[in-house]
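For reference, the structure discussed in these notes is given below.
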Amino acid sequence: MNFYFEAAKTLDRLDSRQGSIKGVLATLPEKTRKRTTALVIETLKYKAVLADIIEQAKLLEERKITSLNLALVLVHDLLLSGGIQAGDGPVKQAILRHKTRLHGELQKIKIKRGIKANIELAQTGDQRAARIPRYVRVNTLAWSTDEAVESLISRGFTASDPFESETGFVKDKHIPDLLSFSPQITFHEDPLYKAGKIILQDKASCFPATVLAPPATDNTFVIDATSAPGNKTSHLSALMKNKGKTQNIHESRICQLFGFYLPTWGIGLIQKYGTDYLTLPAVDPAL
């Protein structure tokens, strides 16, 4: 059941705008990240429908169901994913007591909308999203962009329009060292990603460091005021060629991510501060 509590807490953080979906999911424990991410994403797709079902079934009147988000992830698996994947217990029993009513409310919605398959209830979002490529930034602290391109081509990728072929990729026109791939491609399990040679970073996230363009000198000093999970920090370090110094400030819990990513990405000369930048005094000796 801890898996469902973790997924519910992740949805709580997204609701309170503690970060982007990508950023919040990156903070999940690596051991359970893939499974929790899948449940969170699928629950978000069906959130509107699931919330309506939960309301109609009066599920939140159950004392064991402590939040809407906990109800959402549990009801998602009950109705849409073959059942709740947890041992018997008071929380699971609280859901199962309403099983017939929940299934009934689901059928009512499908009849009302004139659909047969559950997948038709999913929110697919803006279709323009399908035209956003998968962005990958080459970690130039590990190797050059030319070396990365050569390696990718040797593995079967082609220097071509990523929307014409799943194996196609091109260099970005605006951000040096940024490559764009087909949106159907994923790199989370790729050896280059695990080795820290490529970093999964959206194009918009690459602009701050590119515009700042810090010089690669020993006396360069940069303050990154909202630094976790570290993509912009790694970009700054790459542009600075690991010279100078960056001070990274973010809320303590999220700042712990640096302990995992920085060694993998080969980043040095970092000072971390686990606090909210807006709470710092105007003059702080630490800065």
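Per our numbering, the very first residue in the sequence shown carries number 105; after that it's consecutive.
Just so you know, even glycine gets a beta-carbon here, dropped at the ideal spot from N, CA and C.
- With a cutoff of 8 Å on beta-carbon distance, N243 and A320 are scored as not near each other.
- For the 8 Å CB-CB criterion, L176 and A155 form a contact.
- Sequence-distant Cβ neighbours of E270 in its own chain, meaning closer than 8 Å and more than five residues away, are S286, Q288, I289.
- The DSSP-derived three-state label of Y297 is helix.
- The beta-carbon separation of F291 and S284, rounded to 12 Å, does not stay under the 8 Å limit for a contact.
- Look at the beta carbons and you see the segment 293-302 touching the segment 235-255: at least three pairs across the two are nearer than 8 Å.
- DSSP, reduced to helix, strand and coil, places T262 within a strand of the structure shown.
- Nearest in C-alpha terms to A308, of all of T249, R201, I236, is I236.
- Y297 and N335 have their C-alpha atoms spaced approximately 13 Å apart.
- Between the segment 125-142 and the segment 105-117, the count of Cβ pairs shorter than 8 Å is three or higher; the stretches touch.
- Of all alpha-carbon atoms in I279, S120, I188, the one lying nearest the alpha-carbon of L200 is that of I188.
- From the listed residues F109, L256, R205, D192, the smallest Cα separation to L143 is found for F109.
- Under the DSSP assignment, Y108 falls in the alpha helix (DSSP H) whose first and last residues are 106-119.
- For G208, the enclosing alpha helix (DSSP H) begins and ends at 203-217.
- When the Cα atoms are used, R238 and D281 turn out to be separated by approximately 14 Å.
- Taking each of S338, G348, K212, H278 in turn and checking the Cα distance to G370, the smallest one comes out for S338.
- About 4 Å separates the beta carbons of M105 and A190, which is inside the 8 Å limit, making them a contact pair.
- Around the beta-carbon of A263, fewer than 16 other beta-carbon atoms lie within 10 Å, marking it exposed.
- The continuous beta strand (DSSP E) containing R238 extends over residues 238-242.
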